[in-house]
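Undergrad: The numbering of the sequence shown is the numbering used here, which starts it at -5 and goes up by one. Even for Gly, the Cβ is constructed at its ideal location relative to N, Cα and C. The structure displayed is predicted, hence computed values, not measured ones. One structure, as structure tokens, below. Some questions next.
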Amino acid sequence: MAWKRRTQRCAPSLLVLVSLVALLAAASALEAIVPRIECKEFWVNIQYLGYQLIPIAYLTMVFQYVGFQRWLAPSRILLISAVPLITVILAWTNDYHLLMRRDLFIEPAEGLGFLGKTYGPWFSLASVYSYLITLCGLTLLTWASRRAASVYRRQALLLIIGTVLPLAWSLAYVLRLPLLPPIDFMPPITALSLLLIALAVLRFRLLEIVPVACHQVVQAMEDGLLVLDDERQVAAINPAAARMLSVTPSAAVGEPATQILEAFPQVLAPILAETPPNSIVVSVGTPDRAAYWEVRISELRSERGHPLGQAVILRDVTEQKQGEKARRAIEARMLQAQKLESLGVMAGGIAHDFNNLLQVILSNTDLIRIALPEDHSTQKLLRGIIRSTERAASLASQMLAYSGKGRFTLEQLDPARLVSGMADLLRSLAPKKVALALEISTDIPSIHADAAQIRQLFVSLVSNAAEAIGEREGTITLRLAQVHATRQLLAPLHQSGELPEGNYVQLTITDDGCGMDEATQARVFEPFFTTKFTGRGLGLAAALGIVHAHRGAIGIKSAPGRGTTVTVLIPGAGASPPVQEVGIPLLCERQASGTILVIDDEAGIRDTAMMALRSYGYRVLAASDGLEGIDLFREHQNEIDAVVLDLAMPRMSGEEVVPALRGLRSDVPIILTSGYPEEEALRRFAGRDLSGFLQKPYRPHLLAAQLDTLIARTIRPREAVAHINEGGKPHE
-5 MAWKRRTQRC
5 APSLLVLVSL
15 VALLAAASAL
25 EAIVPRIECK
35 EFWVNIQYLG
45 YQLIPIAYLT
55 MVFQYVGFQR
65 WLAPSRILLI
75 SAVPLITVIL
85 AWTNDYHLLM
95 RRDLFIEPAE
105 GLGFLGKTYG
115 PWFSLASVYS
125 YLITLCGLTL
135 LTWASRRAAS
145 VYRRQALLLI
155 IGTVLPLAWS
165 LAYVLRLPLL
175 PPIDFMPPIT
185 ALSLLLIALA
195 VLRFRLLEIV
205 PVACHQVVQA
215 MEDGLLVLDD
225 ERQVAAINPA
235 AARMLSVTPS
245 AAVGEPATQI
255 LEAFPQVLAP
265 ILAETPPNSI
275 VVSVGTPDRA
285 AYWEVRISEL
295 RSERGHPLGQ
305 AVILRDVTEQ
315 KQGEKARRAI
325 EARMLQAQKL
335 ESLGVMAGGI
345 AHDFNNLLQV
355 ILSNTDLIRI
365 ALPEDHSTQK
375 LLRGIIRSTE
385 RAASLASQML
395 AYSGKGRFTL
405 EQLDPARLVS
415 GMADLLRSLA
425 PKKVALALEI
435 STDIPSIHAD
445 AAQIRQLFVS
455 LVSNAAEAIG
465 EREGTITLRL
475 AQVHATRQLL
485 APLHQSGELP
495 EGNYVQLTIT
505 DDGCGMDEAT
515 QARVFEPFFT
525 TKFTGRGLGL
535 AAALGIVHAH
545 RGAIGIKSAP
555 GRGTTVTVLI
565 PGAGASPPVQ
575 EVGIPLLCER
585 QASGTILVID
595 DEAGIRDTAM
605 MALRSYGYRV
615 LAASDGLEGI
625 DLFREHQNEI
635 DAVVLDLAMP
645 RMSGEEVVPA
655 LRGLRSDVPI
665 ILTSGYPEEE
675 ALRRFAGRDL
685 SGFLQKPYRP
695 HLLAAQLDTL
705 IARTIRPREA
715 VAHINEGGKP
725 HE
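And the structure:
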């Protein structure tokens, strides 16, 4: 029996125990029937193997039964077996030391002859040790049974009785209590104890049911455990599963799984499947509260492979799933930011070089136009070149908008008025069958924004919505409202950094078009990703860049066949201070005069700037890099009235040149020029006094107008100081 169940937890030690008892019984019987005293002594020595090792096997079985296997290290078993092993050795070598027994004689009883003896000192020590080992096992078994379920208590009770019977007889026989027969009934009593253990195995399936300690573990599990029989009725349920399923254990046991799991069809479906999955994660939450359970299903089978039922483990993985979702969202935002940053670096470099080339074209064209009579036939061609150059410059600005680094002129805007003024334009973007509905709240606050870029944002989003609807009938709804954005509202949106909670202007554009699946939504803001024909794919990426540049957020919600909603949040005017823009006058207000130092590494730009400024009446000095410019300024610092400085140059950049010039003369006006966008260029000079900025390509008359204004502000104070130093009076 124990051999058939040898894979169970305490079966090996029980098998050893049965073998030792059988050995003890056989040796005792042979002792009684052999006639010679030497033969009887031999079988008594064999019995010592059983007497001494049975307590060790019993203690091992109890430890395994209550779930304390970790204490059964080989070294520990060997240590507690030391005294029994020594006792066996001393029994076989007793003739040399007489520590176990003395005065052997045959003691007749009921026609049988047993070996009588007088015990030696080691026998008493070995007996006490065996009793202590047995009592330890009995105490541990009693302690565990008091904390067990009723079925386990009956198992433990049979084991306790099976332990007490041989222990009590052994004590009574050794102490020679009166009224006891002269025959040692220890072997048959030990066999009787084994019958009780066999009853536990057969009647209560001792080796087939979870031991006492395992029952305690199951009851204390945080995971829910549901045991179903072969008819899918609940055979057992632990407290965790009862809590998760909102049932009581007593009411659940014996009920069909279909009834207990009626409120959880997601859990019931894999259980009832023809081939249940080993593990599956199901959503059991409500629309208001997400919840996820991992369902693990194990088939229970008999030794012959017949199905007995299922063990179902329910684990709440809601926090894990939410954590994974949050982590994926963060990773997606980081990846998107990296893509936009890469695009920004690329766009900035291309735009810078592109604008430098356009600057040469635009300046030379302007110089030719100025040199020719106004009625010259070439003027028309030159104006065409200027228009094309300005369109190319606009294209460079759009490239920067895709990365959120375009050129913006921020002003205080009324978004409601802006949308109302664009209504006709927005309606013209959609086919005739598509209606555009405007829903504008009355309490919309103003925003700090670039009007042209916000218009472009509206145009891009409405155009995308119209294309999603196509040629069929549909509706695009544009809503404008004020919202108080919380962390919960901001979390799923693409943000320009970590946006604070507060009041925002919310723009939502909803269409009833074809919609998008999750895979498309995950890539919709990627640069150059498109589901349209080749050559498109920057519309929503540009919208994302515009929103980020305005320190806002954008998100998209869609499903196939259910349309799309794009949500944009832009801070209200009170939430973000406006950026101070550098004023640039468009016209010269006085006759040009003064000396200008032009520092630029591009020879074409430097030469055209010199020619243009000289044509306006300025004296011009030129330097090809920062070091040469500083040397030239040091030599002519009292003559130079203003400096036109390029930002990106070899050997010494504009960032390094400015402090060097200020160190030589702190009041010199400096106009910065660059092919990079104004915001990025000025950000590098935060806290430094720049007099103006011109983004390439610029028209020569704009540079001349700005220089004229700056020189007019600085020459008069300098002339007044010089006059006073010569002893004169200030001019009235």
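Could you tell me which residues DSSP puts in a beta bridge with residue 228?
TA: Reading the sequence shown from its first residue, position 234 is the one you call residue 228. 222, per the DSSP bridge assignment.
Undergrad: Is it buried or exposed, residue 581, if we count other Cβ atoms within 10 angstroms and call 16 or more buried?
TA: For the purposes of this step, residue 581 is taken as the residue at position 587 of the sequence shown. Confidence is the limiting factor: at residue 581 the pLDDT is only 34, short of 50, which leaves the residue's position unreliable, though a coordinate-based value still follows. Flag for residue 581 reads exposed.
Undergrad: Please state the DSSP three-state secondary structure of residue 346.
TA: Position 352 of the sequence shown, counted from the first residue, corresponds to residue 346. In this structure, residue 346 counts as helix in the three-state DSSP scheme.
Undergrad: Answer with buried or exposed for residue 584, where buried requires no fewer than 16 other C-beta atoms within 10 angstroms of its C-beta.
TA: Here residue 584 refers to the residue found at position 590 of the sequence shown. With a pLDDT of only 40 at residue 584, under the threshold of 50, the placement of this residue in the model should not be trusted; the figure read from the coordinates follows. It is exposed - the Cβ of residue 584 has fewer than 16 other Cβ atoms within 10 Å.
Undergrad: Since residue 308 is in the beta strand (DSSP E), which residue starts that stretch and which ends it?
TA: For the purposes of this step, residue 308 is taken as residue 314 along the sequence shown, with counting starting at 1. Its beta strand (DSSP E) spans residues 301 to 310.
Undergrad: In this structure, how does DSSP classify residue 498 when only helix, strand and coil are distinguished?
TA: Here residue 498 is taken as the residue at index 504 of the sequence shown, counted from 1. For residue 498, the three-state secondary structure derived from DSSP is strand.
Undergrad: Which residue spans inside the region -4 to 56 form an unbroken alpha helix (DSSP H) run of at least 4?
TA: 5 to 27
Undergrad: Per the DSSP calculation, residue 503 is bridged to which residue(s)?
TA: In the sequence shown, residue 503 corresponds to position 509, counting from 1. 472, 560.
Undergrad: Which residues does DSSP list as the beta-bridge partners of residue 565?
TA: Working through the sequence shown from its first residue, we reach residue 565 at position 571. Looking at the DSSP assignment, residue 565 forms a beta bridge with 498.
Undergrad: Checking 7 Å against the spacing of the C-beta atoms, do residue 39 and residue 76 come in under that value?
TA: As a first step, residue 39 must be located in the sequence shown, where it is residue number 45. As a first step, residue 76 must be located in the sequence shown, where it is residue number 82. Cβ atoms of residue 39 and residue 76: not closer than 7 Å.
Undergrad: Considering only C-alpha positions, which residue in the set 262, 268, 267 is nearest to residue 287?
TA: The residue given as residue 287 occupies position 293 in the sequence shown. Closest by alpha carbon: 262.
Undergrad: Within this structure, are the beta carbons of residue 474 and residue 441 separated by less than 7 Å?
TA: The residue given as residue 474 occupies position 480 in the sequence shown. The residue given as residue 441 occupies position 447 in the sequence shown. No; because the gap between Cβ atoms is not below 7 Å, this pair is not in contact.
Undergrad: Taking the beta carbon of residue 707 as the centre, do at least 16 other beta carbons fall within 10 Å, making it buried, or is it exposed?
TA: Along the sequence shown, read from residue 1 onward, the residue named residue 707 stands at position 713. The residue is exposed, with fewer than 16 neighbouring Cβ atoms inside 10 Å.
Undergrad: Between residue -5 and residue 189, what straight-line distance do the alpha-carbon atoms span, to the nearest angstrom?
TA: The residue labelled residue -5 in the question sits at position 1 within the sequence shown. The residue labelled residue 189 in the question sits at position 195 within the sequence shown. The predicted model places residue -5 with a pLDDT of 44, which falls under 50 and marks its position as unreliable, so this point remains unresolved.
Undergrad: Assuming residue 665 contacts residue 652 under a Cβ cut-off of 8 Å, what Cβ separation, rounded to an integer in Å, is found between them?
TA: Here residue 665 refers to the residue found at position 671 of the sequence shown. Here residue 652 refers to the residue found at position 658 of the sequence shown. Contact doesn't hold; Cβ gap of about 11 Å is too wide.
Undergrad: When DSSP labels each residue in this structure, what does residue 242 get in the three-state scheme?
TA: Walking along the sequence shown from the start, residue 242 turns up at place 248. In the structure shown, residue 242 sits in coil (DSSP, three-state: anything other than H, G, I, E or B).
Undergrad: Using the three-state DSSP reduction, which class does residue 298 fall into: helix, strand or coil?
TA: Position 304 of the sequence shown holds residue 298. Three-state DSSP puts residue 298 in coil, outside helix and strand.
Undergrad: Taking the beta strand (DSSP E) that residue 733 belongs to, which residues open and close that run?
TA: As displayed, the chain neither begins before -5 nor continues past 726, which places residue 733 out of reach and without an answer.
Undergrad: Round the Cβ separation of residue 564 and residue 443 to the nearest angstrom and send it over; I've been treating them as touching at under 8 Å.
TA: As a working mapping, residue 564 is identified with position 570 in the sequence shown. As a working mapping, residue 443 is identified with position 449 in the sequence shown. Indeed they touch by this definition, with Cβ atoms about 7 Å apart.
Undergrad: From the DSSP output, which residues share a beta bridge with residue 478?
TA: Counting from 1 along the sequence shown, the entry for residue 478 is found at position 484. BP columns for residue 478 point to 497.
Undergrad: Does the region 57 to 72 touch the region 87 to 103, meaning 3 or more C-beta pairs lie closer than 8 Å?
TA: no
Undergrad: Check residue 438 in the structure and name its three-state DSSP category.
TA: Position 444 of the sequence shown, counted from the first residue, corresponds to residue 438. If DSSP states are grouped into helix, strand and coil, residue 438 belongs with coil.
Undergrad: For residue 456, which of helix, strand or coil comes out of DSSP?
TA: Stepping through the sequence shown from its first residue, residue 456 is reached at position 462. In the three-state scheme derived from DSSP, where H, G and I count as helix and E and B as strand, residue 456 is classed as helix.
Undergrad: For the putative contact between residue 594 and residue 705, defined by C-beta atoms under 8 Å, what is the C-beta separation to the nearest angstrom?
TA: The sequence position of residue 594 within the sequence shown is 600, counting from 1. The sequence position of residue 705 within the sequence shown is 711, counting from 1. Rounded, the Cβ-Cβ distance is 19 Å, inconsistent with contact.
Undergrad: Is it true that the region 447 to 462 meets the region 493 to 510, where meeting means three or more beta-carbon pairs spaced less than 8 Å apart?
TA: Three or more beta-carbon pairs drawn from the region 447 to 462 and the region 493 to 510 are found closer than 8 Å, and the two stretches are therefore classed as touching.
Undergrad: What residue range does the alpha helix (DSSP H) around residue 660 cover?
TA: In the sequence shown, the residue the question calls residue 660 occupies position 666. Segment: none, residue 660 is in no alpha helix (DSSP H) and carries neither H nor E.
Undergrad: Using 7 Å as the threshold, is the C-beta distance between residue 81 and residue 46 below it?
TA: As a first step, residue 81 must be located in the sequence shown, where it is residue number 87. As a first step, residue 46 must be located in the sequence shown, where it is residue number 52. Going by C-beta atoms, residue 81 is nearer than 7 Å to residue 46.
Undergrad: Can residue 437 and residue 406 be called in contact, C-beta distance under 7 Å?
TA: The residue you call residue 437 lines up with position 443 of the sequence shown. The residue you call residue 406 lines up with position 412 of the sequence shown. Cβ atoms of residue 437 and residue 406: not closer than 7 Å.
Undergrad: From the DSSP secondary-structure annotation, give me the bridge partner or partners of residue 688.
TA: Taking the first residue of the sequence shown as position 1, residue 688 is located at position 694. In the DSSP output, where bridge partners are listed per residue, residue 688 has 667.
Undergrad: Using C-beta distances below 6 Å, list every residue in its chain close to residue 273, excluding the 5 sequence neighbours before and after it, in chain order.
TA: Reading the sequence shown from its first residue, position 279 is the one you call residue 273. If we look at residue 273 and ignore the five residues flanking it on each side, its Cβ neighbours are 290.
Undergrad: In whole angstroms, give me the CA-to-CA distance for residue 617 and residue 601.
TA: Start at 1 with the first residue of the sequence shown, and residue 617 comes out as number 623. Start at 1 with the first residue of the sequence shown, and residue 601 comes out as number 607. C-alpha separation (whole angstroms): 10 Å.
Undergrad: In or out: residue 300 buried (at least 16 other Cβ within 10 Å) or exposed?
TA: Position 306 of the sequence shown, counted from the first residue, corresponds to residue 300. Exposed: under 16 other Cβ atoms inside 10 Å.
Undergrad: Is residue 280 helix, strand or coil when you go by DSSP?
TA: As a first step, residue 280 is located in the sequence shown; it is residue number 286 there, counting from the start. Three-state result, residue 280: strand.
Undergrad: By the three-class DSSP mapping on this structure, what secondary structure does residue 519 have?
TA: Within the sequence shown, the letter at position 525 stands for residue 519. Of the three classes helix, strand and coil, the one that applies to residue 519 here is coil, per DSSP.
Undergrad: In the DSSP assignment, find the alpha helix (DSSP H) that holds residue 727 and state where it starts and stops.
TA: Residue 727 is absent from the structure shown; the chain starts at -5 and stops at 726.
Undergrad: Identify which residue in 354, 519, 376 has its Cα closest to the Cα of residue 604.
TA: Walking along the sequence shown from the start, residue 604 turns up at place 610. Measuring from the Cα of residue 604, the nearest candidate turns out to be 354.
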